[in-house]
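As they're listed, the protein sequences go chains R and U. Those letters in the first sequence? Residues 107 to 365, by the numbering used here. Those letters in the second sequence? Residues 6 to 398, by the numbering used here.
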Amino acid sequence: MRARRPKLAVWKFASCDGCQLSLLNCEDELLALADRVEVAYFLEASRAVVRGPYDLSLVEGSVSTPEDADRIRQVRKASRYLVTIGACATAGGVQALRNFADCQEFLSTVYARPEFIRTLERSTPIADHVPVDFELRGCPVDRAQLLEVISAFLAGRRPRVATHSVCVECKRRGLVCVMVAQGTPCLGPVTQAGCGALCPGVRRGCYGCFGPAESPNTASLARAWSQLGATAQEVARAFRTFNAAADAFRAESERHERG
Amino acid sequence: MSRPPTSDGSTGSPSGYVLPAEGLGELFDALVRRGYTLVGPTVRDGAVVYDRLSSPQDLPVGLTDEQEAGRYRLRARPDRAYFGYTVGPHSWKRFLQPPERVLWRAVRDGDGFRVEAAPEEAVRYAFVGVRACELAALAVQDRVFMGGSHTDPLYRARRADAFVVAVQCGQAGATCFCSSMGTGPRCTGGYDLVLTELLGGEHRFYLEAGSPRGDEVLAELPCRPASPEDRQAADQAVSRAEAQMGRRLETQGVRELLLRNLEHPRWDQVAGRCLSCGNCTLVCPTCFCFAVEDTTDLSGQVAERRARWDSCFTGQFSYLHGGSVRATTRARYRQWLTHKLATWWDQFGSSGCVGCGRCITWCPVGIDLTEEVAAIRGSDGLRSGREASGENP
């Protein structure tokens, strides 16, 4: 008799669904995946829901409402392994821009009836609320890394996910450095690899989608950006995107935000 | 830096020939006829990179480069020179030690598994446009990959087959310091053919063979014997490069200097600038470190072992049980520089630096190892007082 397949659940919190779509976008591997796991809960893909507990939960999105904060505890309880996927789940996402301002002011500006809105003052990563077994970076996550993480958990081994800079991927690909050869400001030297150096591959600077690399010297890179002509405001904005609330990027943007 | 073999320090060998510039295509053809895949300098994304070549028109014709710490730009030359630039971000190690490769694969087979050797791409390269510093770098990597009791079969096979067309530098860049390292700018051995591009008067190449293979190829080219004037012009071209050397590194006692200054405050200062991004090691033509990684696929049926370029600037590089041995950027930069210039001697009997200047140019924040060494030399013996605070490394 065939062994029971592990149950996979995919959960959504405050997010754009792009990371869940990255999983659905694994077209060539979806059948192999369905063969190895029982897709037990994945509303983006199917209304059919199998009750927990779940062997592996992938969590997309940040915690941004009181309901989220309760629900993630339920997810954790129902999951053997919990892996967060994407910048929202690992750093708070672009919605963490609210963390730098007065959330109530946003509410009254955006909504006609703000009293109907229940939200938290800050958007926070999943790991701020429950223990997380692995955090996969990216906005969105990289398909190959996602499959690697799933494969690793199925095999009971550590995922092979590098924490070094984008520069290492860039140089392995043989790309020409956009900062040195074009004077284009690039976040690659302080950003974690994983995307395969997507933007430098099309002669753009890195936008930092995968968040801070393992030892990010953001202050030195910011000085280099200034020498290339970037204003303090531009530096602050560069560090304040999808991973705005990740510690190293947050601290660097705060050093520059008032020019 | 130990010199490659067959060095006699001379250039005006009596077997010199002259190839008109139009004849360069015939050299390419002769190499292709022998089954070589030609790789060499070509322009991509605003820099001279090394890639497949099909004709001399793929070379960076009429271009030169301007280099400074953390800065590289291509510029037009007033002439149609084929080799009128120095070295770019690539080096030949890309072809001999590929950035990523599968070492072997294991496939489940009943209750066990079988191991399959990775299919290696059988390719014979002709390297066109190898500079003196790069010949020295090849010699360094030869010692690393073939010098000890364990050799790398892929490297050995590709290296043994590779046909090396060296080119004498007619100019040096602002970040070049090969003359300090004793590796250039004059190519003195380790090649099959060596060209010197002569631009004054008739556009032509002064040519010498450095091996029997080189002699055979040379015999097929529309060459004429070189005149004393040709030889003199070739010699002067390299002397000009020597005089233009943009950087200098005092190598006298550098090993001892660095090893007795492991607690120098300069390491803290450079750590304040260093991004720990790994660029210097990846552009370095001698840095050879790679990571060996095992993976399994989704089905759980196939496991793979891969080798990928790694860098001593990553945390995972020195990860042992429980953590990274070199947790700080200070420790990583110090490890890299002291290995390159000091302990490389103990390990391989030569310096690990050939003076090409790539690590200076391609550092996004322009850290210059010649400046770092000079700073330590200038305040030899200074200590940061870290030892007392127990913060080492």
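Heads up, the beta-carbon is just placed ideally off N, CA and C, and yes, glycines get one too.
- Among the residues facing chain R, U:A52 is included, as its CB has a counterpart in that chain under 9 Å away.
- Here R:Q251 is near R:P265, since their CB atoms are less than 9 Å apart.
- Judged by DSSP secondary structure, U:P217 falls within the alpha helix (DSSP H) whose first and last residues are P217 to A224.
- Contact between the stretch 380-388 of chain U and the stretch 288-305 of chain R is absent: fewer than three C-beta pairs spanning the two stretches fall below 8 Å.
- Residue R:V116 holds the alpha-carbon nearest to the alpha-carbon of R:E150 among R:S321, R:V116 and R:L327.
- For U:R148, no beta strand (DSSP E) run applies; the uninterrupted alpha helix (DSSP H) run containing it begins and ends at A137 to M151, by DSSP.
- A distance below 7 Å between beta-carbons, with the five flanking residues on each side excluded, links R:S128 to the following residues of its chain, in chain order: P246, V247, R249 and L252.
- Against U:V359, chain R offers no close residue; the least beta-carbon distance is about 18 Å (beta-carbon pairs closer than 9 Å).
- When DSSP states are grouped into helix, strand and coil, R:E166 belongs to the strand group.
- In the DSSP assignment, U:W314 is bridged to U:F295.
- U:E234 sits in a helix when the DSSP states are folded into three classes.
- Assigned with DSSP and collapsed to three states, R:V255 falls in helix.
- U:C138 places its beta carbon less than 9 Å from that of U:P190.
- Per DSSP, R:V267 has no beta bridge partner at all.
- With fewer than 16 other Cβ atoms inside 10 Å of its own Cβ, R:Q210 counts as exposed.
- The C-alpha of R:A258 is placed about 41 Å away from the C-alpha of U:Y41.
- Sequence-distant partners of U:S323 (beyond 5 residues in either direction) whose C-beta falls short of 6 Å from its own C-beta, in its chain, are S329, V330 and R331.
- Taking each of U:V92, U:I381, U:P103 and U:C183 in turn and checking the Cα distance to U:M250, the smallest one comes out for U:C183.
- At least one C-beta of chain R is nearer than 9 Å to the C-beta of U:H95.
- Residues of the same chain with a CB within less than 8 Å of the CB of U:G371, apart from the 5 flanking positions on each side, are E73, A74, G75, R76 and I365 in chain order.
- DSSP, reduced to helix, strand and coil, places U:V170 within a strand of the structure shown.
- Contact with chain R is absent for U:R245, since none of that chain's Cβ atoms lies less than 9 Å from the residue's Cβ.
- When Cβ pairs closer than 8 Å are counted between the two stretches, the stretch 163-177 of chain U is seen not to touch the stretch 343-350 of chain U, the count staying below three.
- Residues R142, V143 and E144 of the same chain have their beta carbon placed closer than 7 Å to that of R:R111, with the five preceding and five following residues left out of the count.
- U:G195 has its alpha-carbon roughly 30 Å from the corresponding atom of U:R82.
- Sixteen is the threshold: when 16 or more other Cβ atoms of the shown chains lie within 10 Å of the Cβ of R:H362, as they do, the residue is buried.
- In the DSSP assignment, R:S185 falls within the unbroken beta strand (DSSP E) covering S185 to I191.
- When the beta-carbon positions are compared, U:G45 and U:V170 come within less than 9 Å of each other.
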